[in-house]
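Chains as they are written, first to last, in our numbering: chain A, 13 to 645; chain B, 2 to 313.
Quick reminder that beta carbons are idealized off the backbone N, C-alpha and C, glycines included.
Below is one structure, written out as structure tokens; the observations come after it.
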């Protein structure tokens, strides 16, 4: 069983709340949900925003495609935005009170979309009104559930004693969600638990909304499906990617997080901040005497400071990270070069978004792979590692923190807008799989000078100010083992080689299964190659595409050249990426010497969907080698 | 066990000698710092001296303490990170006017409003020495120091005015050739609870041929000598406005340049105190740098409890 759904309406008027209500309600019936949010870079203003997702009995839930089974719309604008995302058999719930409106009635609609819609109506010979598009959809097999929302809500309000227009307007969320829940055959209790989750603490508000839901559910008799109460037999969590990242940091021992506000990164740091102080586990050794422990979550004045403060935290001995996105990451370039030179282990959680420049701050892209690989002047060791789903986001946060401490290099953890705004009801990660590897600091019995950069070890013993009783110098200038400035060519050569030897060390120590994963038939002649958050869509598509392999690359630097070369040897390759240049294809050619057969690219700010992967693969089979994907859900 | 020792200024001298031009004002700041550390008898492994880039930012290389020589303009945020992760450390930033007032000016502002318990020493010579004499942000307009092709068309920043506005709770000015006096100011700055800012006039003998030793010595005077009743300390919350106005009057003097402590207010809570009361009652007892994070590789945080409100 798989149901794709969509909830859409004007931004800032409850679409997000309604989505939480809906997802939690479905989750409370025992199902898994895999959804993502699409929105403009505004708070209010009425641009169209929506949540699209899938409901499933098992996990991983299939990634959504380019159309949905059920669209719940708040207004006519939402109907028009999604005319092309409905197909035969889809259900559309909409407000008939907006029947007479046209694309031009909605001033917050993109002009380009309004034109496309009007042309479409003209070509198909119908009036460009909401009613016109709805009728077109009906004629093409879409089930239409049209109701006069405000009329019903006013009547329900009268029944439960609410007449204030402001209050009534707030019921729209619950009203729409309840219609959707009824169509899925959910019970009032499921909706009630969603209401309780989404609307918080006010008992009166919750009671009113439960009544609204109960009345609204009576208005529909049709069923898209009948979701029976299930027992998933496992603990499930409802969270998003930003949150999964923050929980990973906390569990993984990160105790120092800095940020400067930026979309879509800050919710990572702010979740880290919000959850403080953290409950101490029973088996916490000497910490067990504390009920809770804290950390430093720090809002910096800019990203220049955010990375520097995080590195300061690492120098003092805390596991440190900063969360940012492209524009902020650009400001961190000089500091990352310093982290390489001064040998400071710090994590940058890079939530990529669509650039260049301010670009589309709330939209998806994988454009910063090359930038991550080559950021910072001079040559220095670093790690660039990507996560592809929420479980990976959680566990990889722990891994990258381990590596930053072990190798004392900057670690760039690539995640993206798609992951940040993925909302999932999924199995709780198995915490027993967590392995934290710390490095104990040197502690001298008495204060003494110590070498911060001894030549006989690739990674020096860990010296911490105030803890090691060591006097030591860290230096951005080329230096000798003591950290004093040094430009003697012989010493410079040794220090350079010592730093760069970390790359070999990293390559040798990190096991292959953490670098790449391979899915599908071992001997497939054709292989899709991808990285990051395209993973769920590609994996879902593999079910449909027989005899194709999927090479999923997580370690982007040091690039696992030998492993990748081995997997791709003698096979036809299709690289699928959320960028224009085919950046993974470029570095595969550069590092592994493998010439990609074809590249499928999508750079319109929207993630790659399951349908995109299937369609791109079909085109690849016909011999296309640069496949531009333009779908828009 | 650390031995109880009484350290002397020489205990803070690094094995390699300073590499500044003979007669450079910075020698005076360096000696004052040695003296101050000795007077406070600080353990050199518990001091972290942080700098950015420039002639003055080389200072940590000549000091026998732990140090971080970072990148241009960012000494303050590096120092801040170190201090916040382990508040028991004595963290001191040194830098020039280019480093702290120009490329790093934003960080100075924001340190002030945070009132983190650390010290910033500005070694002010109004030129970029290490790149051979360009105009620094404290160079007054119309002056043509020898390496710049024409007179300075840009106005100057008054560092103390900026520091006062930013919220520093200790504001002082010294003169590098008066080592005894500068020592006293640095000692007071380090002892101060909160963000301390000390501007030290530290003439560049090579590139600033206008603001020379003679130039300064014609203008400087000491606040407490000119006015024996001078008291920059805020003893009561009610005095804050009066003391700020008094400090301001002195800070804006241009023809004569007062030295001394302009303002000192320990009634403002430090960032550390605020953080402890708002976020984490154990912050200073168990700061990030001192926390164990695992037992046999397993997390010390109870994940299921932490995430309880997200579990279905």
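| Query | Result |
| --- | --- |
| In whole angstroms, what separates the C-alpha of residue 36(A) from that of residue 205(A)? | 7 Å |
| Expressed to the nearest angstrom, what Euclidean distance is found between the alpha-carbon atoms of residue 589(A) and residue 632(A)? | 14 Å |
| Tell me the DSSP secondary structure of residue 428(A) in three-state form. | strand |
| If you follow the alpha helix (DSSP H) that residue 221(A) is part of, which residue opens it and which one closes it? | 215 to 229 |
| Less than 7 Å between the CB of residue 483(A) and some heavy atom of the ligand FAD, yes or no? | By its list of ligands, the structure shown contains no ligand whatsoever, and the ligand FAD lies outside what it can speak to. |
| Would you identify the three-state DSSP class for residue 344(A), choosing helix, strand or coil? | coil |
| Just list the alpha helix (DSSP H) runs in the segment 339 to 424 of chain A, keeping only unbroken ones of 4 residues or longer that don't cross its boundaries, in chain order. | 345 to 354, 381 to 386 and 402 to 419 |
| What residues match up with residue 198(B) in a beta bridge as DSSP calls it? | 121(B) and 172(B) |
| What residue does the alpha helix (DSSP H) around residue 504(A) start on, and which one ends it? | 501 to 521 |
| By the criterion of Cβ-Cβ separation under 8 Å, what are the contact partners of residue 79(B) in chain A? | 320, 321, 323, 324 and 327 |
| Of all the residues that make up the segment 299 to 314 of chain A, which are near chain B by a beta-carbon distance shorter than 9 Å? | 299, 300, 302, 304, 305, 306, 307, 308, 309, 310, 312, 313 and 314 |
| Let me check one thing: in DSSP terms, what residues is residue 540(A) bridge-paired to? | 562(A) and 586(A) |
| Around the Cβ of residue 507(A), are there at least 16 other Cβ atoms within 10 angstroms (buried) or fewer (exposed)? | buried |
| Output needed for residue 156(B): all residues of its chain with C-beta closer than 6 Å, excluding positions within five of it in sequence on either side, in chain order. | 142 |
| Between the Cα of residue 1(B) and those of 299(B), 285(B) and 301(B), spot the shortest distance and give me the residue it belongs to. | The structure shown does not extend to residue 1(B), since chain B is modelled only from 2 to 313, so the question has no answer here. |
| So residue 325(A) and residue 289(B) are in contact, right, with Cβ under 8 Å, and what is the actual spacing, rounded? | 6 Å |
| Counting only beta-carbon separations shorter than 8 Å, does residue 287(A) have a partner in chain B? | yes |
| Using Cβ-Cβ distances below 9 Å, what residues of the segment 250 to 271 of chain A are close to chain B? | 250, 251, 255, 259, 262, 263, 264, 265, 266, 267, 268 and 270 |
| Give a yes or no on whether 8 Å exceeds the smallest Cβ distance from residue 9(B) to chain A. | no |
| How should residue 111(B) be labelled, buried or exposed, when 16 other C-beta atoms within 10 angstroms of its C-beta is the threshold for buried? | buried |
| Can you tell me whether residue 271(A) is helix, strand or coil according to DSSP? | strand |
| What residues are listed by DSSP as bridge partners for residue 567(A)? | 397(A) |
| With a threshold of 8 Å, are at least 3 pairs of Cβ atoms found where one atom belongs to the segment 381 to 391 of chain A and the other to the segment 98 to 109 of chain B? | no |
| Between which residues of its own chain and residue 515(A) is the CB-CB distance below 6 Å, once the five residues before and five after are set aside? | 393 and 570 |
| For residue 299(B), which three-state DSSP category applies? | strand |
| With DSSP collapsed to three states, give me the class of residue 251(A). | strand |
| For the beta strand (DSSP E) that residue 435(A) lies in, which residues bound it at each end? | 434 to 439 |
| Give the secondary structure of residue 60(A) by DSSP, where H, G and I count as helix, E and B as strand, and everything else as coil. | strand |
| Within 10 Å of its beta-carbon, does residue 365(A) have 16 or more other beta-carbons around it, so buried, or fewer, so exposed? | buried |
| Using only the alpha-carbon positions, how far apart do residue 480(A) and residue 335(A) sit? | 29 Å |
| Out of 140(B), 164(B), 165(B) and 44(B), which has the shortest C-alpha to C-alpha gap to residue 153(B)? | 140(B) |
| Does residue 114(A) come out as helix, strand or coil in the three-state DSSP assignment? | coil |
| Which residue wins for smallest C-alpha separation from residue 13(B), given the options 41(B), 260(B) and 52(B)? | 41(B) |
| On the three-pair Cβ rule with 8 Å, is the segment 264 to 272 of chain B touching the segment 249 to 265 of chain A? | no |
| At which residues does the beta strand (DSSP E) containing residue 67(B) begin and terminate? | 67 to 70 |
| Do you know whose CA, among 207(A), 120(A) and 153(A), lies nearest residue 34(A)'s CA? | 207(A) |
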